[in-house]
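Numbering (the working numbering), first residue to last: 842 to 1149. Think of the CB as a built atom: it goes at the ideal place given N, C-alpha and C, for glycine as much as any other residue. This report refers to the structure that appears directly beneath it.
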Ligand SMILES: Nc1ncnc2c1ncn2[C@@H]1O[C@H](COP(=O)(O)OP(=O)(O)OP(=O)(O)O)[C@@H](O)[C@H]1O
Ligand SMILES: [Mg+2]
C-alpha cells in the first residue's frame, strides 16, 4: 500500500539571500544559496547545521522579516512576495508564526503577559466572544495554570513558561507553520522534553507544521519527521530523518554524526577535530561528483553531490 503524503503547505524554491555590507568596498555574504524544500501538513522538519550556515536567515525569509535575493516561497501555492496589502499580510502572519531563541525579547516588559492574547483577538479575531475561555484552554494545553500565569509581568515568569506561552499563542491563532529557532536552548532538561512532546502532539493533533531550527542532532532525531542539513548556506542533505541518520551520505553530514559524543565511548586524545579537514573533504567530494548537483539517493532522501 502506498502511504499518501500529507498536503504541501509551503514550498521553498531555489531560495538565495545575500547580505551587502560596507559602502566604499561592499562585501557580500551569501547567507543562503539555492535552497529548496517543502513543508507538509502536520510534520516537523529540523533544520540542522553549524553556526552561520544560514538557518536563522531561512526562518526570517519565511516570516517575511527579510526579502530573498532570488527564489520564491510559496504558501499554499501563492508566492508570499505578493502579500503586500495589510489584509494579506495579517492573514499570513496569523498562519505562519515564529518563536525565537530568547522568549524575553518577544514580550514587552512593561505590560502584563495578558496583552499578548488581547492583541491576538484585536488583530486577528475581534468578534470572538469566548475570549477568556479560549485563552484558558490554550494555556492548559501547554501545561500552564491560567490562574498563576494571567496578570503577571514577563519578568515574573521563567524562560520555559514564556516559551510555552508563545506556543499557546500559536495554538490560539491555529497556525499552519511554526518557525521555532533554537526554541528550547534555554530550557533545562526536564522542561525541554515537556515542550518537545507538546510540539509533537500539537502537530499530530492540529495538523500544524514546525520548522525546528537546532544545532543539536539528538534533538533533531527525537523530534522530526524530516531533516534538512545546511552547510555554508546550502542544503547539502534533505529527507526523511530515519534515512539520513541511518545512511548519511554528504561528508559534512557524516562529520556531524561522527562528532556527536557517544555515551559509553571514551574520548580519544589522538583524534583531533579539524574543521579545515572537512572543508577539504567537501571540496574533494564535489570535485569527484562534478556536474551531478542534487540527487535523490533513495525515496525522500536527497544529497548535494556537487554545486557547480
Ligand atoms: N543582517 C545581516 N547582515 C549581514 N550579514 C548577516 C545578517 N544576518 C546574517 N548574516 C550572515 O549570514 C550568515 C548566516 O547567518 P544565520 O544567522 O542565518 O546563521 P545561523 O545558521 O542561524 O547561525 P547560528 O547557529 O549561529 O544561529 C552568517 O555569515 C551571518 O554573519
Ligand atoms: Mg541562528
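Sheet register partners of residue i (DSSP bridge)
i, result
"residue 1142", "1080 and 1139"
"residue 890", "1071"
"residue 1122", "None; residue 1122 has no bridge partner."
"residue 876", "856"
"residue 1051", "885 and 1019"
"residue 861", "869"
"residue 849", "881"
Any non-hydrogen atom of ligand 2 within 7 Å of residue i CB
i, result
"residue 858", "no"
"residue 896", "yes"
"residue 1022", "yes"
Residue i CB to nearest heavy atom of ligand 1 below 7 Å
i, result
"residue 1130", "no"
"residue 872", "yes"
"residue 1142", "no"
"residue 1100", "no"
"residue 996", "no"
"residue 893", "yes"
"residue 890", "yes"
"residue 862", "yes"
"residue 1056", "yes"
Quiz prompt | Complete alpha helix (DSSP H) runs within the segment 909-987 (minimum length 4 residues, chain order) | solution = 927-936, 955-965 and 972-982
Quiz item: Pairing CB atoms from the segment 985-998 with CB atoms from the segment 1010-1025, are three or more of them under 8 Å?
Solution: no
Quiz item: Do the segment 1077-1090 and the segment 907-925 make contact, defined as three or more Cβ pairs closer than 8 Å?
Solution: no
Quiz prompt | At least three beta-carbon pairs within less than 8 Å, the segment 969-977 to the segment 1052-1059 | solution = no
Quiz item: Given 8 Å as the limit, is there contact between the segment 916-932 and the segment 1116-1125, that is, 3 or more CB pairs closer than that?
Solution: no
Quiz prompt | Those runs of the beta strand (DSSP E) which lie wholly inside the segment 997-1046 and span at least 3 residues | solution = 1018-1022
Self-check item: Three-pair Cβ contact test at 8 Å for the segment 856-867 versus the segment 896-904
Solution: yes
Exercise. Check whether the segment 1028-1047 touches the segment 862-875, counting contact only when three or more Cβ pairs, one atom from each stretch, lie closer than 8 Å.
Key: no
Quiz item: Do the segment 1069-1080 and the segment 1030-1039 touch if we need at least three Cβ pairs shorter than 8 Å?
Solution: no
Quiz prompt | Sufficient close CB pairs (3 or more, under 8 Å) joining the segment 940-950 to the segment 993-1003 | solution = yes
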